[in-house]
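Student:
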Amino acid sequence: MSLSWYKRKTRLSSLISADGGEDAEGSLLDQLMHGQTVIGKTAKTIQIDSLRFGDKDLDLVGTLEYGQFGVALCIVVS
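Take 131 as the starting number for the sequence shown in the working numbering and just add one per residue.
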């Protein structure tokens with residue numbers, strides 16, 4: 131059973147340990163993920179990657195009735 135997004139977000143924040151709020155966390159997360167592509171995966175980046183928000187956090191409910199691009203309607207699963 132996977133952890134809820136709130137618990138994963140809390141764990142992710144503690145792994146990143148950035149001061150300054152979500153903007154600082156986002157910048158540091160971008161730097162870590164970029165470093166992963168340059169030097170390869172580390173134990174920390176593997177754990178961070180498994181905790182990140184992604185498709186697994188959404189449930190596809192259906193598509194909108196009309197629209198130019200066929201936008202899908204998703205809800206966040208907690």
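Ideal Cβ placement from N, Cα and C applies to all residues, glycine included.
1) Beta-carbon separation of Asp181 and Arg141 under 8 Å?
2) Considering only residues of the same chain and omitting the five flanking positions on each side of Ser144, which have a CB-CB separation below 8 Å?
3) Distance check for Leu190 and Asp160, CA to CA, integer angstroms please.
4) Within its chain, find whatever has a CB closer than 7 Å to the CB of Glu155; leave out the 5 residues flanking it on each side and keep chain order.
5) Which same chain residues end up closer than 7 Å to Lys174 when comparing Cβ atoms and leaving out the 5 residues on each side of it in sequence?
Tutor: Checking against the coordinates, here is how it stands:
1) In the sequence shown, counting from the first residue as 1, residue 181 sits at position 51. In the sequence shown, counting from the first residue as 1, residue 141 sits at position 11. This sequence places Leu at residue 181; Asp is not what is there. Cβ distance < 8 Å, so Leu181 and Arg141 count as in contact.
2) By one-based count along the sequence shown, residue 144 stands at place 14. Excluding positions up to five away in sequence, the list is empty.
3) Numbered from its first residue, the sequence shown carries residue 160 at position 30. Numbered from its first residue, the sequence shown carries residue 190 at position 60. Taking the straight line from one Cα to the other gives about 27 Å.
4) Indexing the sequence shown from 1 puts residue 155 at position 25. Same-chain partners within the cutoff: Ser143, Ile146 and Ala148.
5) Numbered from 1 along the sequence shown, position 44 holds the residue referred to as residue 174. Closer than 7 Å at Cβ, skipping near neighbours: Leu145.
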